[in-house]
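Undergrad: Provided herewith is a single structure, encoded as C-alpha cells, for subsequent inquiry.
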C-alpha cells in the first residue's frame, strides 16, 4: 500500500479550517459584545441603545437615556430577616436579568441591578432577591445595562428607594418619568423630596464625601423667577458648576460654601463638580 503524505497534510489542513470556522461561529452566541477602538470606553462603544448622556451616577457610571414608554421600571419589597437585616425582593417591568451577558453590549430591557446603602453602592443583583445587612437606613435599587451604564429617563436613573429605619419617607415629586415606586414594611419613596419654598426662596444642603453625595442626586423643581440657594460642603478642593447659568463656586475641604441664583431661564440644568465630575443635583425650571 502506497502512502501519500501530501494528501494527508492537505486533508488535515482542510479539517483545521473547518474546525476554526465552527469555533468562530460558536463564539457569536447569545452574549452580545462590541469591539471598540483603543482609548474608547466600552460604554461609549455600545451606545446604539438609547442615548448615552454625559451625566454620571455617584459611582461614575454613565446614564443611558431611553423613552419613558419603553423604559424598565423597578419596585422594592423588603421583609426583616430572622437573623437581622432585610431580605429584598425586586419586581421589574420591561426588564430581565441577564447575568451571562454582563460586560456585553447594552440591549433594551436587559441588565442587572445595583444596591446603594445610604447612598453608597454595595453590591450587584443578578436576580430578583437580595439581602441588606443591619444598620442601613436608606436603600436604593438602580437598574443598569449589561455594559454597566445606568438606564435613565429624562436624565434621571431608573431606580426605587425605601427607608429601612422607620423614619417618615419624603413625598415623591411629580415627574414624567416611569413609575419606580417602592413598597416596604416602612413607607417607601422614589427620590428625595424637593426642598420647600420660603419667602426668601429655597435652600438645599449637599454634602460630598468621596464619590458619594448626600442626599443622593435627584431633581429640584423650581418655578421661573424663584430663588435657590445651594449650600455645599465637600471633603476636597473642587469647583461647583451650575450648567446653563454658568455659575461657579470654589469648594474648600470641610468648609460650607453657598451659591444663590435666580431661576430666570426654563429647562433642565445639571449641577456638578469640575474636578471629581460628580452630579450633585438637577434643576428643573418651569
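Residue numbers (the working numbering): 4 to 289. Ideal Cβ positions, reconstructed from N, Cα and C, are used throughout, including at glycine.
1) Cα separation between residue 132 and residue 250?
2) Compute the beta-carbon to beta-carbon distance between residue 237 and residue 59, rounded to the nearest angstrom, for a pair I have assumed lies under 8 Å.
3) Do you know offhand how far residue 36's Cα is from residue 116's?
4) I need the boundaries of the beta strand (DSSP E) containing residue 133, first residue and last residue.
5) What residue ranges within the segment 217 to 252 form continuous beta strand (DSSP E) runs of no fewer than 3 residues, ordered along the chain?
6) Which residues in the same chain have their Cβ closer than 8 Å to the Cβ of residue 228, if we skip the five residues on either side of it in sequence?
7) Taking the straight line between their C-alpha atoms, what separation do you get for residue 139 and residue 86?
8) Quick one: what does DSSP say residue 255 is sitting in, helix, strand or coil?
9) Quick one: give me the first and last residue of the beta strand (DSSP E) that residue 80 is part of.
10) Give me the residue from 164, 90 and 145 with the minimum Cα distance to residue 136.
11) What are the partner residues of residue 92, as DSSP defines its beta bridges?
12) Any chance the CB of residue 233 is under 7 Å from a heavy atom of the ligand NAP?
13) With three or more beta-carbon pairs closer than 8 Å as the criterion, would you say the segment 94 to 108 touches the segment 72 to 81?
14) Under 8 Å, do residue 156 and residue 147 count as touching if we go by C-beta distance?
15) Distance, Cα to Cα, residue 63 vs residue 159?
16) Pick helix, strand or coil for residue 102, following the three-state DSSP scheme.
17) Just mark residue 240 as buried or exposed, buried being the case when its beta carbon has 16 or more other beta carbons within 10 Å.
18) Alpha carbon to alpha carbon, what distance is there between residue 161 and residue 211?
19) For residue 275, I'd like the list of residues in its chain whose CB is within less than 7 Å of its CB, leaving aside the five on either flank, ordered along the chain.
20) Could you name the residues that DSSP lists as bridge partners for residue 206?
21) Just reading off the beta strand (DSSP E) that residue 291 is part of, what are its end residues?
22) Please list, in chain order, all residues of the same chain as residue 53 whose beta carbon is under 6 Å from its beta carbon, the five residues on each side excluded.
23) Compute the beta-carbon to beta-carbon distance between residue 149 and residue 107, rounded to the nearest angstrom, for a pair I have assumed lies under 8 Å.
24) Residues in the same chain with beta-carbon distance under 7 Å from residue 256, minus the five sequence neighbours each way, listed in chain order, please.
25) Specify, as a first and last residue, the run of the beta strand (DSSP E) that residue 144 falls within.
26) Between the Cα of residue 113 and the Cα atoms of 151, 234 and 163, which residue gives the shortest distance?
27) Confirm, please, whether the CB-CB distance from residue 129 to residue 100 is below 8 Å.
28) Quick check on the burial criterion: 16 or more other C-beta atoms within 10 angstroms. Buried or exposed for residue 122?
TA: In this structure, then:
1) Roughly 44 Å between the two C-alpha positions.
2) Not confirmed; about 17 Å, so no contact.
3) The predicted model places residue 36 with a pLDDT of 42, which falls under 50 and marks its position as unreliable; any figure quoted below should be read in that light. The straight-line gap from Cα to Cα measures roughly 19 Å.
4) Residues 132 to 135.
5) Those beta strand (DSSP E) runs which fall completely within the segment 217 to 252 and span 3+ residues are 222 to 225, 230 to 236 and 241 to 245.
6) Leaving aside the five residues that flank residue 228 on each side, the residues in its chain whose CB is nearer than 8 Å to its CB run, in chain order, 265, 266 and 267.
7) Here the alpha carbon of residue 139 sits roughly 15 Å from the alpha carbon of residue 86.
8) If DSSP states are grouped into helix, strand and coil, residue 255 belongs with the strands.
9) Here the beta strand (DSSP E) through residue 80 covers 76 to 83.
10) Checking every option, the nearest Cα to that of residue 136 belongs to 90.
11) Assignment of beta-bridge partners to residue 92 by DSSP yields 80 and 132.
12) In the structure on display, the ligand NAP does not appear, and there are no ligands present to speak of.
13) The segment 72 to 81 and the segment 94 to 108 touch, with three or more beta-carbon pairs separated by less than 8 Å.
14) Contact: no.
15) So the alpha carbons of these two residues sit roughly 14 Å apart.
16) Looking at residue 102 - three-state DSSP - the assignment turns out to be helix.
17) Under this definition residue 240 is an exposed residue.
18) The alpha-carbon atoms of residue 211 and residue 161 are separated by roughly 22 Å.
19) Shown here for residue 275: same chain residues with a beta carbon closer than 7 Å to its own, the five before and five after excluded, namely 244, 281, 282 and 283 in chain order.
20) In the DSSP assignment, residue 206 forms a beta bridge with 232.
21) Beyond the ends of the chain as shown, which are 4 and 289, falls residue 291; an answer cannot be given.
22) If you ignore the 5 residues before and after residue 53, its C-beta comes within less than 6 Å of the C-beta of 67, 68 and 69, all in its own chain and listed in chain order.
23) Confirmed, Cβ separation roughly 5 Å.
24) Non-local C-beta neighbours of residue 256 in its own chain, meaning closer than 7 Å and more than five positions away in sequence, comprise 237, 238, 239 and 240, ordered along the chain.
25) 141 to 147 is the extent of the beta strand (DSSP E) around residue 144.
26) Distances from the alpha-carbon of residue 113 to those of 151, 234 and 163 put 151 closest.
27) Yes, these two residues count as a Cβ contact at 8 Å.
28) By the C-beta density criterion, residue 122 is buried, having at least 16 other C-beta atoms within 10 angstroms.
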